[in-house]
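All remarks here apply to the structure that follows.
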Amino acid sequence: MTLVDIEVGLRQQRGTLDLQEIVESAARFLEDASALEIIRWAAATFGDRLCLTASMSDALLIDLVSRVKPGVDVLFIDTGYHFAETIGTRDAVQQVYDVNVIDVKPSRTVAEQERDLGPRLFGRNPDLCCYLRKVEPLNRALEPYLAWVSGIRRDEAVTRAGVKVVEWDAKRQMVKINPIARWTQEDVDNYMADNGVLINPLHYDNYPSIGCAPCTRQVAPGEDPRSGRWAGMGKTECGLHI
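The numbering of the sequence shown is my numbering, which starts it at 16 and goes up by one.
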C-alpha cells in the first residue's frame, strides 16, 4: 500500500473500510517523515475535515500547519480559567497567522458550574472539572471533522511516550495526527527561535507547561517541566490525550 492508496482509501465511506488499518499503515510510512511532510499528508487526505487544537502555550503547531493549510480551523478550549496571558496569545495568533481560531466553550460558565457543583471543583475533583471544561467541549467541537492535529510529544511525559505520528483516536472514532511526536525540547526551541514563533509570555516567568490558572504553578530550575500542572493532586493529564 502506498501513501496514495491511503489517501484514496480515507476519502471513501467509513462503512466500507477499516480505518484503523489505514491509520496503522500511514503511521508506518510516516514515522520517519518530517513534521511538514506529515501535515501535507493530513491536509491532502482530509481537506476541510482537518483541524488542529491549540492550548496557546505557543504557536509552534499553528505556524507549522498554517504553512501547509492556510485558513485551517484552530480549536481553542476556552475553559474560563485561563491566564490573561493565554487569552492574549490567542488574540495575537488571530492577527499574526492565517488561521481560523474557534473558541470552544464548556456547556456551563464558571459561575453556573459553581452554582450547580459548588465552588473550586478544580481543587476537589480535578478530573471532573477537566472533563466538564475541556474534554466534553472538545469532543463536541471535533464532531464535524475526520481528523485532528495535536502538538503532543513523546518526551513530554511517560503517558505520551508511545504516541504515534498518526494514530486512531478510539474514544472519538477519528484520526489523530501528532506531527511533532518525535521532536525533543531542543527541536522545539530551535524551531521557534529560527521562525519567530509566538510564545505565551508566561514561559519567560518559569511556566514551561501552561494550563488553567488555578491548576498551574511556576516551576523551579531543574524540576520536571510538567510538575507545575496539578501539583500535589496526583494528576498528570487533563484527559484530552488519554
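Every residue gets a Cβ at the ideal spot worked out from N, C-alpha and C, and that includes glycine.
message: Can you give me the C-alpha to C-alpha distance between arginine 29 and glutamine 110, rounded to a whole angstrom?
response: Note on arginine 29: pLDDT 45, under 50, position unreliable in the model; no value is reported.
query: Could you check where the beta strand (DSSP E) with valine 114 kicks off and where it finishes?
result: Segment 114-119, the beta strand (DSSP E) holding valine 114.
- prompt: Exposed or buried, what is proline 141 when buried is set at 16 or more other beta-carbons lying within 10 Å of its beta-carbon?
  reply: Around the beta-carbon of proline 141, 16 or more other beta-carbon atoms lie within 10 Å, marking it buried.
field: Host beta strand (DSSP E) of methionine 189 (start-end)
entry: Unbroken beta strand (DSSP E) run through methionine 189: 189-192.
- prompt: Applying the criterion that 16 or more other CB atoms from any shown protein chain within 10 Å of the CB defines a buried residue, is lysine 186 buried or exposed?
  reply: By the neighbour-count rule (16 or more Cβ atoms within 10 Å), lysine 186 is not buried but exposed.
- prompt: Hey, would you say alanine 57 sits closer than 8 Å to alanine 162, going by beta carbons?
  reply: Cβ distance < 8 Å, so alanine 57 and alanine 162 count as in contact.
- request: Name the residue from Pro85, Leu143 and Met71 whose alpha carbon lies nearest to the alpha carbon of isoleucine 54.
  value: Checked all of Pro85, Leu143 and Met71; the closest Cα to isoleucine 54 is Pro85.
message: Here's a check: name, in chain order, each residue in its chain whose Cβ is nearer than 6 Å to the Cβ of glycine 226, leaving out the five neighbours to either side.
response: Answer for glycine 226: Arg244, listed in chain order.
- prompt: For the candidate residues Asp113, Asp78, Val83 and Leu67, whose alpha-carbon lies nearest to that of isoleucine 92?
  reply: Residue Leu67 is the option with its Cα nearest to isoleucine 92.
Cα-Cα separation between glutamate 100 and alanine 235, rounded to whole angstroms: Note on geometry: alpha-carbon atoms of glutamate 100 and alanine 235 lie some 20 Å from one another.
- prompt: Run through DSSP, which three-state label would alanine 172 get?
  reply: DSSP places alanine 172 in the coil class of the three-state scheme, outside both helix and strand.
message: For aspartate 88, report the span of its alpha helix (DSSP H) as first-last.
response: Per DSSP, aspartate 88 lies in no alpha helix (DSSP H); the unbroken beta strand (DSSP E) holding it starts and ends at 87-92.
query: Looking only at C-alpha atoms, which of Ile77, Pro121, Ile37 and Ser72 sits nearest to arginine 50?
result: Position check: residue 50 holds alanine in this sequence, whereas arginine was assumed. Check the Cα spacing between alanine 50 and each of Ile77, Pro121, Ile37 and Ser72: the tightest is with Ile77.
field: For tryptophan 183, the residue or residues it bridges with in DSSP
entry: When beta bridges are read from the DSSP output, tryptophan 183 appears opposite Val190.
query: At what residues does the alpha helix (DSSP H) containing threonine 199 begin and finish?
result: Segment: none, threonine 199 is in no alpha helix (DSSP H) and carries neither H nor E.
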